[in-house]
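Peer 1: Sequential numbering from 1 applies to the sequence shown in full-length UniProt numbering.
The beta-carbon is built from N, C-alpha and C at its ideal position, and this holds for glycine as well.
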Amino acid sequence: MRHLFLDFFGTLVNYADSRAGQGYADTHASMRAFGARGTEQETADAWLDAFHQLNTESDVDHREFTMEELSRRAFVRLLGREPDATEIAAGAASNMADWERGVVLIPGMAQTLRELGQSFTLTIVSNTHSASVVPRQLAAMGATDLIANIVTSLEVGFRKPHSAIYQAALDTAEADPARVIFVGDTWDADFDGPRAHGMEAVLVAPAPRDGVPETRRVTSVLDLPDLLSFRYPSTRPISTRGVA
Numbered sequence: 001m002r003h004l005f006l007d008f009f010g011t012l013v014n015y016a017d018s019r020a021g022q023g024y025a026d027t028h029a030s031m032r033a034f035g036a037r038g039t040e041q042e043t044a045d046a047w048l049d050a051f052h053q054l055n056t057e058s059d060v061d062h063r064e065f066t067m068e069e070l071s072r073r074a075f076v077r078l079l080g081r082e083p084d085a086t087e088i089a090a091g092a093a094s095n096m097a098d099w100e101r102g103v104v105l106i107p108g109m110a111q112t113l114r115e116l117g118q119s120f121t122l123t124i125v126s127n128t129h130s131a132s133v134v135p136r137q138l139a140a141m142g143a144t145d146l147i148a149n150i151v152t153s154l155e156v157g158f159r160k161p162h163s164a165i166y167q168a169a170l171d172t173a174e175a176d177p178a179r180v181i182f183v184g185d186t187w188d189a190d191f192d193g194p195r196a197h198g199m200e201a202v203l204v205a206p207a208p209r210d211g212v213p214e215t216r217r218v219t220s221v222l223d224l225p226d227l228l229s230f231r232y233p234s235t236r237p238i239s240t241r242g243v244a
């Protein structure tokens, strides 16, 4: 059986990439409970500064950071002291709750995954700072039982496009890279990186892009069954779209 490796954020769900538009109400309430006295905007600024600092550090070697690391740095910026483990955990949970309000489910995605699962083993390969967010969003989508494996940068320790996460996904799925199609919305992480490791790739992009043949691009994963069944007629799923 062939394998589909699927990015999650921006591919199977939409999300607010800015980390600001969803607001910081829960995070601010948590910070105030532990002694912060500033405004919600000051809370947001501290968390955003901490996030961008960690993200810049990760850009050097692709090491992933945790929500707990983010929480600790934001605490120090806001309160001028080291937080304890309980405070760190509370800050991380409240900030993740705020961020997840920016995640938007895509209607029809679960049914599309069900179709794809008839012909492919489905594995999520996602960059994330939280171990629980992908399973939680899959459950909200109604797609938990459709995914064979979940491989995250948090668990591996390195984010895409580091080779370690691709190898971890191949090992977890027990997949030959020649039988894997990687699907995602980011050039280096989901298209160029997988191809460098022997996999095929399909880019999710709203418009044509230089260097990406139209036979390797979809505007949405909802279009993936049609693209793959055209390229690989033997994998054509039995469509149930439109069936009550």
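If you run the structure through DSSP and keep just helix, strand and coil, what is residue 43?
Peer 2: In the structure shown, residue 43 sits in a helix (DSSP, three-state: H, G or I).
Peer 1: Given a cut-off of 9 Å, decide if residue 200 and residue 180 are closer than it, judged by their beta-carbon atoms.
Peer 2: Cβ atoms of residue 180 and residue 200: closer than 9 Å.
Peer 1: At which residue ranges does the stretch 79 to 162 contain complete beta strand (DSSP E) runs of 3 or more residues, listed in the order of the chain?
Peer 2: Counting only runs of 3 or more, we get 120 to 126 and 149 to 152.
Peer 1: In three-state DSSP terms, what is residue 12?
Peer 2: Residue state, collapsed to three classes: coil.
Peer 1: I need the DSSP call for residue 217, collapsed to helix, strand or coil.
Peer 2: The answer is strand: DSSP assigns residue 217 an E or B state.
Peer 1: Who are the Cβ neighbours of residue 100 in its own chain at under 7 Å, not counting the five residues just before and after it?
Peer 2: 133.
Peer 1: For residue 64, list the residues DSSP reports as bridge partners.
Peer 2: In the DSSP output, where bridge partners are listed per residue, residue 64 has none listed.
Peer 1: For the alpha helix (DSSP H) containing residue 28, name the first residue and the last one.
Peer 2: Here the alpha helix (DSSP H) through residue 28 covers 25 to 33.
Peer 1: Report yes or no: do three or more beta-carbon pairs, one from the stretch 3 to 22 and one from the stretch 134 to 142, lie closer than 8 Å?
Peer 2: Contact between the stretch 3 to 22 and the stretch 134 to 142 is present, because at least three Cβ pairs lie under 8 Å.
Peer 1: Mark residue 193 as exposed unless 16 or more other C-beta atoms lie within 10 angstroms of its C-beta, in which case mark it buried.
Peer 2: Classification for residue 193: buried.
Peer 1: With which residues is residue 2 paired in a DSSP beta bridge?
Peer 2: Paired residues: 120.
Peer 1: Helix, strand or coil: which one does DSSP assign to residue 238?
Peer 2: Reliability of the predicted coordinates at residue 238 is poor, the pLDDT of 49 falling under 50, and the value obtained from them is presented with this limitation in mind. Note: residue 238 maps to coil in three-state DSSP.
Peer 1: Between residue 72 and residue 102, is the Cβ-Cβ spacing less than 9 Å?
Peer 2: No. Outside cutoff.
Peer 1: Buried or exposed: where does residue 161 fall if 16 or more other Cβ atoms within 10 Å of its Cβ makes it buried?
Peer 2: Per the 10 Å Cβ criterion, buried.
Peer 1: Pull up the distance between the alpha-carbon of residue 83 and that of residue 197, whole angstroms please.
Peer 2: Residue 83 and residue 197: Cα-Cα distance of roughly 41 Å.
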